[in-house]
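In terms of the working numbering, the sequence shown opens at residue 89 and continues consecutively. For every residue, glycine included, the Cβ atom is placed at its ideal position computed from N, Cα and C. A quick note: this is a predicted structure, and the numbers were derived from the prediction, not measured. First up is the structure itself, then whatever we jot down about it.
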Amino acid sequence: MAGEYFMNKMPEGGDVVIIRGAMGDLTHDQRVDGFVDAVKESNINVVRIQAADSERGKGMDVMQNMLMALPGIKGVYCSNDEMALGALRAAEMGGADDIIIMGFDGSPDALKSVRDGGLTGTVKQDSYGIGYYGIEYTVKLLNGEEIDKRIPVPTLIIDLDNVAENIAEMEKIVGRTL
89 MAGEYFMNKM PEGGDVVIIR GAMGDLTHDQ RVDGFVDAVK ESNINVVRIQ AADSERGKGM
149 DVMQNMLMAL PGIKGVYCSN DEMALGALRA AEMGGADDII IMGFDGSPDA LKSVRDGGLT
209 GTVKQDSYGI GYYGIEYTVK LLNGEEIDKR IPVPTLIIDL DNVAENIAEM EKIVGRTL
């Protein structure tokens with residue numbers, strides 16, 4: 089999903105980097121692999137993949153190094169929002185305001201950043217669906233039923249086009265203003 093978004097935002101192509109969680113972490117492996125697979129037939133070149141251990145500060149450090157080593161990058165995909173927010177901070181400090189930066193999780197901080205013109209977007213997972221299907225499949229297992237080995241979780245790209253409605257939805261859930 090994020091790869092397709094980048095292809096739409098960068099129809100002419102260009103160099104992108106990926107900042108990811110710990111190497112060998114299945115969740116981050118799948119998020120990175122999905123992005124790489126999506127863009128492999130396009131003019132988007134993934135020029136570097138580097139771990140930042142899902143931390144905002146490490147995401148900022150990695151992005152600062154990438155900006156110095158790869159000054160022509162046009163996009164950054166981060167496999168969680170914390171690293172994306174760190175990458176955004178580094179880009180802002182380095183004057184690289186035109187880089188597409190996308191995170192993953194749909195966290196409150198990421199939604200606020202999208203709303204305020206920072207992050208380009210974030211991939212939101214259906215938390216309700218994760219909980220619902222988790223319980224449903226647990227009950228099936230307890231009843232001796234077989235379940236699929238892979239249970240897809242719906243996702244949604246949140247960007248300027250739909251961030252306001254997603255913030256309103258999250259505010260209802262958390263019971264406070266973001």
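{"Check": "For LYS200, which of ASP121, GLU253, ALA110 and MET95 has the nearest alpha-carbon?", "Outcome": "GLU253"}
{"Check": "Short check: CB of VAL105 to CB of ARG136, under 7 angstroms?", "Outcome": "yes"}
{"Check": "Are the CB atoms of ALA139 and ALA110 within a distance shorter than 7 angstroms?", "Outcome": "yes"}
{"Check": "May I ask you to report which of helix, strand or coil DSSP gives GLY217?", "Outcome": "helix"}
{"Check": "Tell whether a beta-carbon distance below 7 angstroms holds between CYS166 and ILE245.", "Outcome": "no"}
{"Check": "In whole angstroms, give me the CA-to-CA distance for ILE173 and TYR225.", "Outcome": "First, the residue type needs correcting, since residue 173 is Leu and not Ile in the sequence shown. If you take the alpha carbons of LEU173 and TYR225, they lie about 34 angstroms apart."}
{"Check": "Suppose only complete runs of 4+ residues qualify. What are the alpha helix (DSSP H) ranges in the segment 115–188, listed by chain order?", "Outcome": "144–157 and 169–181"}
{"Check": "What span of residues does the alpha helix (DSSP H) with VAL199 cover, start to end?", "Outcome": "According to the sequence displayed, residue 199 carries Leu and not Val. Segment 196–203, the alpha helix (DSSP H) holding LEU199."}
{"Check": "Where does SER215 land, buried or exposed, given buried means 16+ other C-beta within 10 angstroms?", "Outcome": "exposed"}
{"Check": "Taking Cβ to Cβ, would you say MET98 is nearer than 7 angstroms to LYS146?", "Outcome": "no"}
{"Check": "Would you please state the rounded distance, in angstroms, between the beta carbons of GLU259 and THR265? I believe it to be under 8 angstroms.", "Outcome": "6 angstroms"}
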